[in-house]
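Here is the structure we will look at, set down as structure tokens.
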Amino acid sequence: MATVEKDSVSGQNTTGHEWDGIKELNTPLPKWWVYVFWATVVWAIGYWFMYPAWPLLNGYTQGSLGYSSRGELAMELDAQKKARSTWLSKIEASDTGAIEKDKDLLRYAMAGGKIAFNENCAPCHGAGGVGVAGAYPTLADDEWLWGGTLADIEQTIKYGVRNANKDTRVSEMPKFGVDGVLKADQIAAVADYVVSMANKAPAKGSAGETVFAENCAVCHGEDGSGQAALGAPALNNQIWLFVKGNKESVAAQVNNPKHGSMPAWAERLDASTIKMLAVYVHNLGGGK
Amino acid sequence: MSTPKIDPTLKKPASGDGGGPLYAETVMIHPRTVKGIFRTWKWAAMAVLLAIYHIGPFLRWDRGPGAPNQAILADMAGRRGYFFFLEIWPQEVYYITGLLFIAAISLFFMSSLAGRVWCGFLCFQTVYTDLFMFVERLVVGDRAKRMAMDRAPWSADKLAKKVVINLVWLVIALSCGVGFTLYFGDAPTMLVDIFTGNESSAVYSAIGVVGGACFLLAGYAREQVCLYMCPYSRFQSAMFDEHSLIVTYQDWRGEPRKPARKTETFDNRGHCIDCKMCVTACPTGIDIRDGIQMACIGCALCIDACNTMMDKFKLPRDLIVWDSISNVAAHAKGEPGKVRLIRPRTIVYTVLITLVGSLIVGSLASRATTEVKVIHERSPLYVQMSDGSIRNGYVVKVSNMVREDRGYELEVQGIEGASLSVIGGEASGAKAHLTIAPDAIGTFNVFVNAPVNKLSGNRTSLVFALREDKEGHVTRADSLFAAPEK
Numbered sequence: 001m002a003t004v005e006k007d008s009v010s011g012q013n014t015t016g017h018e019w020d021g022i023k024e025l026n027t028p029l030p031k032w033w034v035y036v037f038w039a040t041v042v043w044a045i046g047y048w049f050m051y052p053a054w055p056l057l058n059g060y061t062q063g064s065l066g067y068s069s070r071g072e073l074a075m076e077l078d079a080q081k082k083a084r085s086t087w088l089s090k091i092e093a094s095d096t097g098a099i100e101k102d103k104d105l106l107r108y109a110m111a112g113g114k115i116a117f118n119e120n121c122a123p124c125h126g127a128g129g130v131g132v133a134g135a136y137p138t139l140a141d142d143e144w145l146w147g148g149t150l151a152d153i154e155q156t157i158k159y160g161v162r163n164a165n166k167d168t169r170v171s172e173m174p175k176f177g178v179d180g181v182l183k184a185d186q187i188a189a190v191a192d193y194v195v196s197m198a199n200k201a202p203a204k205g206s207a208g209e210t211v212f213a214e215n216c217a218v219c220h221g222e223d224g225s226g227q228a229a230l231g232a233p234a235l236n237n238q239i240w241l242f243v244k245g246n247k248e249s250v251a252a253q254v255n256n257p258k259h260g261s262m263p264a265w266a267e268r269l270d271a272s273t274i275k276m277l278a279v280y281v282h283n284l285g286g287g288k
Numbered sequence: 001m002s003t004p005k006i007d008p009t010l011k012k013p014a015s016g017d018g019g020g021p022l023y024a025e026t027v028m029i030h031p032r033t034v035k036g037i038f039r040t041w042k043w044a045a046m047a048v049l050l051a052i053y054h055i056g057p058f059l060r061w062d063r064g065p066g067a068p069n070q071a072i073l074a075d076m077a078g079r080r081g082y083f084f085f086l087e088i089w090p091q092e093v094y095y096i097t098g099l100l101f102i103a104a105i106s107l108f109f110m111s112s113l114a115g116r117v118w119c120g121f122l123c124f125q126t127v128y129t130d131l132f133m134f135v136e137r138l139v140v141g142d143r144a145k146r147m148a149m150d151r152a153p154w155s156a157d158k159l160a161k162k163v164v165i166n167l168v169w170l171v172i173a174l175s176c177g178v179g180f181t182l183y184f185g186d187a188p189t190m191l192v193d194i195f196t197g198n199e200s201s202a203v204y205s206a207i208g209v210v211g212g213a214c215f216l217l218a219g220y221a222r223e224q225v226c227l228y229m230c231p232y233s234r235f236q237s238a239m240f241d242e243h244s245l246i247v248t249y250q251d252w253r254g255e256p257r258k259p260a261r262k263t264e265t266f267d268n269r270g271h272c273i274d275c276k277m278c279v280t281a282c283p284t285g286i287d288i289r290d291g292i293q294m295a296c297i298g299c300a301l302c303i304d305a306c307n308t309m310m311d312k313f314k315l316p317r318d319l320i321v322w323d324s325i326s327n328v329a330a331h332a333k334g335e336p337g338k339v340r341l342i343r344p345r346t347i348v349y350t351v352l353i354t355l356v357g358s359l360i361v362g363s364l365a366s367r368a369t370t371e372v373k374v375i376h377e378r379s380p381l382y383v384q385m386s387d388g389s390i391r392n393g394y395v396v397k398v399s400n401m402v403r404e405d406r407g408y409e410l411e412v413q414g415i416e417g418a419s420l421s422v423i424g425g426e427a428s429g430a431k432a433h434l435t436i437a438p439d440a441i442g443t444f445n446v447f448v449n450a451p452v453n454k455l456s457g458n459r460t461s462l463v464f465a466l467r468e469d470k471e472g473h474v475t476r477a478d479s480l481f482a483a484p485e486k
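Protein chains in written order, with full-length UniProt numbering: chain H, 1 to 288; chain W, 1 to 486.
Here it is, written out as structure tokens:
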């Protein structure tokens, strides 16, 4: 059994352990450390009573302060809502045109609209409204299927395109080929004419011109400049969505048209968010 | 096993000759108060430095309406630094780098000329330690009384004195903390808010951290800071050479040392009477007679202590004196010494200080008051318009670094037929007019349209030129115009 002895230099007892003549001092922990240790123990006991601490069979001890991290989050969200309310109430009270004229409101709407756009619209239309060729229209150029004014954009966002909402935008292009309205040679001719129109050199006097005037012009316009009210795109430029700009793809679209669809966002988003979205999309560059 | 014999009263580390323990307890140092020229200089330095520190935030400087009128201010929330007539934006923080560089070289310069003047007289650790010791002396008394109180068992008197000392220290330390925070906000308002409990928790935390550090470092850590925490004492030897003026003991004159007796003269012996006044006066507790050492902070209080004794014994002064190592060697040989201030080392430091100083002054004098940054929009990289032209989006950020409204004419150059438009602004052709509030950054979403046939491939370089309305100075930013591959 090891013997405890007093060390002559430090005045401390040894532990009695000895290795190769080296003895281990039994120096006590520093007092400040011990005091801090006991203080933390006292603190912890206080904490049990003040804060949620112990799990029970059906729940947990709530603590006298009634704190919960969920409650804290709710409080923070409330505070945030309050902080935003000055701006949001202004947005709510103004129409989109007035928002664009007020520089501060415009800045706020652009920032809020960008966030809402990235969360809700960007999955299809791409960040910055870049669009996806053959699927989702670009929102940054100056051609609009359903109109590029603030009111048009707001309307489209609210009620969407070809969905179950009763106010949705609905019109569709007839299936000229599939339904037997036009024969194959007529479709080929009109496709040729549309391509020439897009290249700004409409083939005057061609068979295609006649077919176009009789079947297409009612929606797309005599000169192919389109009609936003019906969602009929302009055909006299190089911006295409479902078509690649050559004869084959135009003919395919005339034969059995593809159509896009978009949800009615009024069912999911509040009015001020939609206003901010409209302002943001309008300012992506192509707004009219 | 026989235990080696160890003297239980031994508190000093063994001198390496074996036998003693390598362990030494830290002993609280209570330096003796001395009188003399260097002590006077130290009081003066303390007064001037503390005055600068505490008066600094209250100096005013008129910068016009809407701008802070505090002469020295680090406005973190507003992201500006103010120093009298200067106003620095965050991106110009390199001026501070230059200033720190000058500070470092000045420290080296000072050290190579005259030793650790910084450590002994100017460092805040020295200033506050000195002040804290002064408090101890007022409450308890000089060295002997303080040591006696340390040894004495606890009593009501000792407790009362300790409490008073610590309270006064705390007041000084907290005012140090308050003084620090006042540089970060409007000082008079902040001072009122601090005492009425209306300041933010960040300010109180800063006061606590700075004040707490001051209290612990100057009250309890003291010379341990210089010995173990501060890196400067470790590399001071790299600044010194044999011509640097440092606190030296003239051993050729002092040795052999011997206590003085009235019956004996000072013939055939050294002038050092081994009174240990120099040791007891030393704030780091060293013996200067051992020669130059890391723990010497160059405060020169031993010089004052020794000169007092020399005067008493009617011996010549300056047994301990500010002198160079080479001079001490020369004196030992009976030759007069020579003070060499101009040496390669000091010349290099002077050149460096002048160089960096003039760089800073030069760049401040020609400091641009407008900065423009252009960020090319990447999503979408480009957009084809219905008329066949290509459009790119840009975010143009213009910093107006003066305190008045400024108008600028923005123009895109480099692509023929390019036109621009600004969201929420007006533009015509390749030009647009932007207005920016005083001392602010204007952010503009700009679209540039360009005809396809004027573009060279998928990247065409483009320059945004910004012409200030009144003075007409032009700031340019390079960017590029993206287009689809032809």
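Even for Gly, the Cβ is constructed at its ideal location relative to N, Cα and C.
Would you kindly report the start and end of the unbroken beta strand (DSSP E) that includes residue i?
| i | result |
| --- | --- |
| ALA440(W) | 440-450 |
| ASN166(W) | Looking at the DSSP string, ASN166(W) is not in any beta strand (DSSP E); the run it does join, the alpha helix (DSSP H), is 156-181. |
| LYS333(W) | No beta strand (DSSP E) holds LYS333(W); DSSP gives it neither H nor E. |
| THR126(W) | No beta strand (DSSP E) contains THR126(W), which is instead part of the alpha helix (DSSP H) from 124-139. |
| VAL321(W) | 320-323 |
| ALA74(W) | 72-75 |
Residue i by DSSP, collapsed to three states: which one?
| i | result |
| --- | --- |
| HIS433(W) | strand |
| THR475(W) | strand |
| GLU371(W) | strand |
| THR460(W) | strand |
| GLY16(W) | Unreliable positioning characterises GLY16(W) in this predicted model, as indicated by a pLDDT of 49, which lies under 50. The coordinate reading is nonetheless provided below. In this structure, GLY16(W) counts as coil in the three-state DSSP scheme. |
| PHE83(W) | strand |
| PHE393(W) | In the sequence as presented, Phe is not what sits at residue 393(W); that position holds Gly. Correct three-state label for GLY393(W): strand. |
| SER419(W) | strand |
| ASN237(H) | coil |
| GLY16(H) | strand |
| ASP453(W) | Correcting the residue identity first, residue 453(W) is Asn in this sequence and not Asp. Helix, per DSSP. |
| ASN26(H) | coil |
| residue 311(H) | Beyond the ends of chain H as shown, which are 1 and 288, falls residue 311(H); an answer cannot be given. |
| ASN256(H) | coil |
For residue i, is the classification buried or exposed, using 16 other Cβ atoms within 10 angstroms of its Cβ as the cut-off for buried?
| i | result |
| --- | --- |
| LEU319(W) | buried |
| VAL135(W) | buried |
| ASN327(W) | buried |
| THR158(H) | Note on residue identity: the sequence assigns Lys, not Thr, to residue 158(H). That one is buried. |
| PRO336(W) | exposed |
| TRP265(H) | buried |
| GLN91(W) | exposed |
| MET50(H) | exposed |
| MET110(H) | buried |
| MET229(W) | exposed |
| ASN283(H) | buried |
| SER112(W) | buried |
| ILE22(H) | exposed |
| HIS473(W) | exposed |
| VAL130(H) | buried |
| GLY233(H) | Inspection of the sequence shows that residue 233(H) is occupied by Pro rather than by Gly. Label assigned to PRO233(H): buried. |
| TRP43(W) | exposed |
| ILE45(H) | exposed |
What span of residues does the alpha helix (DSSP H) with residue i cover, start to end?
| i | result |
| --- | --- |
| GLU409(W) | Run containing GLU409(W): none in the alpha helix (DSSP H); it sits in the beta strand (DSSP E), 406-413. |
| LEU277(H) | 271-282 |
| ASP304(W) | 301-312 |
| LEU99(W) | 94-114 |
Handout entry: Contacting positions in the segment 363-384 of chain W - beta carbon closer than 7 Å to chain H
Key = Within the segment 363-384 of chain W, the residues whose Cβ lies closer than 7 Å to some Cβ of chain H are GLU377, SER379, PRO380, VAL383 and GLN384, listed in chain order.
Exercise for the section: Please name the residues in the segment 382-415 of chain W whose beta-carbon is closer than 9 Å to at least one beta-carbon of chain H, in chain order. Expected result: Within the segment 382-415 of chain W, the residues whose Cβ lies closer than 9 Å to some Cβ of chain H are VAL383, GLN384, MET385, SER386, ASP387, GLY388, ARG391 and GLY393, listed in chain order.
Practice task
May I have a chain-ordered list of the beta strand (DSSP E) segments no shorter than 3 residues that lie completely inside the segment 194-273 of chain W?
Solution key: Taken in chain order, the complete beta strand (DSSP E) segments of 3 or more residues contained in the segment 194-273 of chain W are 246-249.
Exercise for the section: Closer than 7 Å, Cβ to Cβ, to anything on chain W: give me those residues from the segment 26-58 of chain H, in chain order. Expected result: So the list is empty, because no residue satisfies the distance condition.
Practice task
Can you give me, in chain order, the residues of the segment 68-82 of chain H that have a beta carbon less than 9 Å from any beta carbon in chain W?
Solution key: Under the 9 Å Cβ criterion, the segment 68-82 of chain H contributes no residue.
Practice task
Closer than 8 Å, Cβ to Cβ, to anything on chain H: give me those residues from the segment 423-448 of chain W, in chain order.
Solution key: So the list reads ILE423, GLY424, ASN445 and PHE447, given in the order they occur along the chain.
Exercise for the section: Within the UniProt domain "Cytochrome c" (108-198) of chain H, note down every full beta strand (DSSP E) run reaching 3 residues or more, in order along the chain. Expected result: Entirely contained in the UniProt domain "Cytochrome c" (108-198) of chain H, not one beta strand (DSSP E) run reaches 3 residues.
Practice task
Can you give me, in chain order, the residues of the UniProt domain "Cytochrome c" (203-285) of chain H that have a beta carbon less than 9 Å from any beta carbon in chain W?
Solution key: For the UniProt domain "Cytochrome c" (203-285) of chain H, which is checked against every Cβ of chain W, the residues closer than 9 Å are ALA234, ASN236, ASN237, GLN238, ILE239, ASN283, LEU284 and GLY285.
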